[in-house]
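In our numbering, the protein residues as written are 307 to 633. Note that CB positions come from ideal geometry on N, CA and C, so glycine has one too. Since the model is a prediction, treat every value here as computed from it, not as a measurement.
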């Protein structure tokens with residue numbers, strides 16, 4: 307499937323091998339790769355550039371984008387939409403919403419937009435990207451990959467202390483009240499809540515896309531990519547015990563864990579699934595919730611259609627989307 311593919315957080319643990327896999331297997335694709343810091347002072351961006359240089363004929367553009375600033379997100383989407391309209395890029399064929407944020411060791415963090423940071427980076431900013439660019443897909447349509455997690459499903463993740471839930475007052479999701487509960491437990495709950503929001507919203511997105519004559523060839527998949535034993539996330543804004551566990555247990559014993567528990571796997575293996583779900587004809591028209599590369603059932607709360615619609619409207623409001631862009 308030729309066209310333009312956007313990958314957010316493109317210098318992440320999963321994204322870098324995904325870029326390499328995509329350029330190898332889908333060489334005609336134009337890639338727009340967003341990173342928070344595109345300077346060579348960021349070692350992960352350097353790794354991304356080294357991956358791209360292995361494909362000297364690739365059509366790849368690395369661009370800075372901070373998802374914690376919605377003005378920057380809207381400016382980015384306006385530039386991409388204008389470039390596609392002008393013929394500088396081919397129409398979109400996929401958006402891979404890979405960028406994420408979590409902080410398991412701090413109090414609530416608010417962005418300059420006034421939203422809880424985990425929710426804004428993981429969900430709200432991607433809503434803005436998708437809804438601003440959905441009309442930039444070609445007539446053949448394409449796919450949108452949203453990143454869920456087993457964390458969205460109460461009781462399924464070992465780090466869970468307080469289960470995820472969508473509050474009746476959704477404003478409390480974006481602007482949570484202070485709580486006497488532990489920082490670590492609440493930090494993971496905020497992350498899990500963002501994944502629940504993503505999963506729930508993906509169902510509403512598919513429903514609204516299917517109602518649009520011009521957009522019904524676009525489908526969305528909410529993907530649980532598995533538990534990545536080599537991910538930098540275990541060493542970023544986490545209790546020290548997680549980094550120690552990764553260094554002395556998960557990485558050296560990774561192959562054994564993968565044999566015993568298929569959900570435990572490397573970023574490179576997950577990356578191949580992500581790209582194929584986004585690009586392969588095998589998955590044309592697929593939508594809904596996937597675990598690894600198989601259709602699965604998400605949590606009961608995420609499948610509540612009333613909550614999906616409420617979150618649909620509120621997410622567009624948070625993202626600063628005006629009117630019905632799906633028309």
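> residue 452 and residue 528: beta carbons closer than 8 Å?
Replying inline: yes
> When burial is assigned at 16 or more other CB atoms within 10 Å of the CB, is residue 399 buried or exposed?
Replying inline: buried
>> Rounding to the nearest angstrom, what Cα-Cα distance links residue 594 and residue 359 in this structure?
In response: 35 Å
> Where does residue 623 fall in DSSP's three states?
Replying inline: helix
> How close, in whole Å, do the beta carbons of residue 467 and residue 494 come, if the pair is a contact with beta carbons under 8 Å?
Replying inline: 7 Å
>> Does the contact criterion of 3 or more C-beta pairs under 8 Å hold for the region 394-410 versus the region 315-322?
In response: yes
> Between which two residues does the alpha helix (DSSP H) carrying residue 382 extend?
Replying inline: 376-391
> First and last residue of the alpha helix (DSSP H) that includes residue 504?
Replying inline: 489-517
> Taking only beta-carbon atoms, is residue 531 less than 8 Å away from chain E?
Replying inline: Absent here is chain E; the protein component of the structure consists of one chain.
>> Bridge partners for residue 570 per DSSP, in chain order?
In response: 533
> How is the alpha helix (DSSP H) around residue 349 delimited, first residue to last?
Replying inline: 349-359
> Expressed to the nearest angstrom, what Euclidean distance is found between the alpha-carbon atoms of residue 478 and residue 484?
Replying inline: 10 Å
>> With three or more C-beta pairs closer than 8 Å as the rule, is the region 617-632 touching the region 582-602?
In response: no
>> Whether or not the region 350-369 and the region 408-421 are in contact is what I'm after, with contact meaning three or more pairs of Cβ atoms, one per stretch, closer than 8 Å; do they touch?
In response: no
> What are the boundary residues of the beta strand (DSSP E) that includes residue 370?
Replying inline: 365-370
>> Let's test the definition: count the other Cβ atoms within 10 Å of the Cβ of residue 391 and tell me whether it reaches 16, buried, or not, exposed.
In response: exposed
> For residue 510, which residues of its own chain have a beta-carbon under 7 Å away from its beta-carbon, when the five flanking residues on both sides are left out?
Replying inline: 614, 615, 617 and 618
> Does the Cβ-Cβ distance between residue 515 and residue 524 come in under 8 Å?
Replying inline: yes
> Given a threshold of 16 other Cβ atoms within 10 Å of its Cβ, counted over all protein chains shown, does residue 553 qualify as buried or as exposed?
Replying inline: exposed
> Does the region 373-391 come within contact of the region 435-449, defined as at least 3 CB pairs closer than 8 Å?
Replying inline: yes
> In whole angstroms, what is the alpha-carbon distance linking residue 323 and residue 582?
Replying inline: 13 Å
>> Helix, strand or coil, according to DSSP, for residue 414 in the structure here?
In response: coil
> residue 337 to residue 517, Cα distance in whole Å?
Replying inline: 29 Å
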